[in-house]
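All letters in the sequence shown, in the order written, are residues 16 to 306 by our numbering.
Heads up, the thing below is written out as structure tokens.
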Amino acid sequence: MRRRTFLKSGIAFSALSSTPAWSGNSTVPKTLWPFYAFDNGVGRGVWSAEKQAGLLKQLGYDGMAYNFTTNKDLESWMTVYDAMHLDISSLYIHTFPKQVTGKQYPADLKATVNLLKGRGTKLWITFRETKDTLDHDATCIRIAREIGDCAAEQGVKVCIYPHANFYVEKALDSLRIAQQAKHPNVMPSYNLCHEFLTPSGPKTEQAALETLRQVAPHAGMVSINGVALASKRYIVPLHEGDLDMKTFLKELKRSGYRGAVGHQFYNIKGDPEVILKAAIETWRTLQPESL
Numbered sequence: 016m017r018r019r020t021f022l023k024s025g026i027a028f029s030a031l032s033s034t035p036a037w038s039g040n041s042t043v044p045k046t047l048w049p050f051y052a053f054d055n056g057v058g059r060g061v062w063s064a065e066k067q068a069g070l071l072k073q074l075g076y077d078g079m080a081y082n083f084t085t086n087k088d089l090e091s092w093m094t095v096y097d098a099m100h101l102d103i104s105s106l107y108i109h110t111f112p113k114q115v116t117g118k119q120y121p122a123d124l125k126a127t128v129n130l131l132k133g134r135g136t137k138l139w140i141t142f143r144e145t146k147d148t149l150d151h152d153a154t155c156i157r158i159a160r161e162i163g164d165c166a167a168e169q170g171v172k173v174c175i176y177p178h179a180n181f182y183v184e185k186a187l188d189s190l191r192i193a194q195q196a197k198h199p200n201v202m203p204s205y206n207l208c209h210e211f212l213t214p215s216g217p218k219t220e221q222a223a224l225e226t227l228r229q230v231a232p233h234a235g236m237v238s239i240n241g242v243a244l245a246s247k248r249y250i251v252p253l254h255e256g257d258l259d260m261k262t263f264l265k266e267l268k269r270s271g272y273r274g275a276v277g278h279q280f281y282n283i284k285g286d287p288e289v290i291l292k293a294a295i296e297t298w299r300t301l302q303p304e305s306l
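Written out as structure tokens, the structure is:
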């Protein structure tokens, strides 16, 4: 990993710092938002839940945002994370607007929701690609309401995950569906990388901030990462890139958002332990002190 110094955000950071990793030291200040790692940066499908949770605990993360697989896996994750006093912030679950009714989301979703009763874990649902240019809003709204009703029975919140090249691909799309669903349990979310990865999304820092101002006050989840605008690399570690993350987080604070913030690690190359350590050390330096 290259060593870089970032004057724009006021950070001087070396990923190879000899500073001891977080080990529960109470002198490390708490940050404004709970901070979670996406499992695609923590050995998804390769590491055991025990290894994942152990590293996150050591480094000081609040927990994990998991890609949902099966309810059996979920039960195992919950056992491990409970023992470590960590949270599972969200479960990433796909829905398919073009599928026939009954096959548009997992058939055993109700069992998933039952497992989540009494936890803060959110369902982070996508609306997948439709491979046409038709308006599928009505179907997405119905799915959002159905999942919202199911989740509400156990006090579980639902967030709409915007993903590049899916039907709901930008944060404003997420906001549109959530507002039209008019369900108290369904919220939009803001994913920084997907704003830039989406062809119709913002192309400048200011445009991304303007969308954040519109969506964040209503959001249930937010994800971030470093963004290298000049080279058009929209998912890099938080300590890299040229997008001013201090300004971004200041705007997030101004919006009133106080929910979880996750770090997207998709396709970031390198030693996961080094990258995760770098990310959370940088995260602590970026906290907005005032407005």
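Even glycine gets a Cβ: it sits at the ideal position worked out from N, Cα and C.
This one's a predicted model, so the numbers in the text were calculated from it and none came from an experiment.
query, result
"Residue range of the unbroken alpha helix (DSSP H) whose run includes residue 264", "260–270"
"Residues bridged to residue 137 (per DSSP)", "105"
"Extent of the continuous beta strand (DSSP E) run through residue 239", "236–239"
"Cβ distance (whole Å) where residue 295 is taken to contact residue 75 below 8 Å", "6 Å"
"Coil, strand or helix - residue 286 by DSSP", "coil"
"Short Cβ contact (7 Å threshold) for residue 86 with residue 127", "yes"
"Ordered list of beta strand (DSSP E) runs contained in the stretch 142–186, each at least 3 residues", "173–175"
"Simplified DSSP assignment, three categories, for residue 127", "helix"
"Simplified DSSP state of residue 110, which is helix, strand or coil", "strand"
"Three-state secondary structure (DSSP) of residue 198", "coil"
"Segment contact, 8 Å Cβ cut-off, at least three pairs: the stretch 265–284 with the stretch 64–71", "no"
"C-alpha gap between residue 271 and residue 125, whole angstroms", "32 Å"
"Per-residue burial, residue 184 [other beta carbons within 10 Å of its own, 16 or more giving buried]", "buried"
"Meets three-Cβ-pair contact criterion under 8 Å: the stretch 205–220 and the stretch 159–175", "no"
"Length of the line joining the Cα atoms of residue 79 and residue 60", "14 Å"
"Whole-angstrom C-beta distance between residue 193 and residue 314, which should lie under 8 Å", "Since the displayed the chain opens at 16 and closes at 306, residue 314 lies outside it and no answer follows."
"Rounded straight-line distance, which links the Cα of residue 220 to that of residue 259", "8 Å"
"Distance between beta carbons of residue 273 and residue 4, contact taken as under 8 Å", "The displayed coordinates of the chain run from 16 to 306. Any statement about residue 4 would go beyond what the structure contains."
"Pick from 151, 195, 102 and 217 that is closest to residue 119, judged by C-alpha positions", "151"
"Coarse secondary structure for residue 278, derived from DSSP in three states", "strand"
"Integer Cβ distance of residue 264 from residue 303, believed to fall under 8 Å", "5 Å"
"Separation of residue 173 from residue 131, as counted between CA atoms", "12 Å"
"Under the three-state DSSP convention, the category residue 205 falls into", "strand"
"Range of the contiguous alpha helix (DSSP H) that encloses residue 86", "86–99"
"Cutoff 7 Å; reference residue 188; Cβ partners in own chain excluding five residues on either side", "177"
"Classification of residue 252 by the beta-carbon crowding that lies within 10 angstroms, buried from 16 upward", "buried"
"Proximity below 7 Å, CB of residue 285 to CB of residue 238", "no"
"Residue 293 - DSSP class collapsed to helix/strand/coil", "helix"
"Cut-off 8 Å between Cβ atoms - residues of its own chain near residue 101, not counting five sequence neighbours on either side", "68, 71, 72, 76, 77, 78 and 79"
"Euclidean distance between Cα positions of residue 145 and residue 45", "42 Å"
"Cβ pair residue 108, residue 158 closer than 7 Å", "no"
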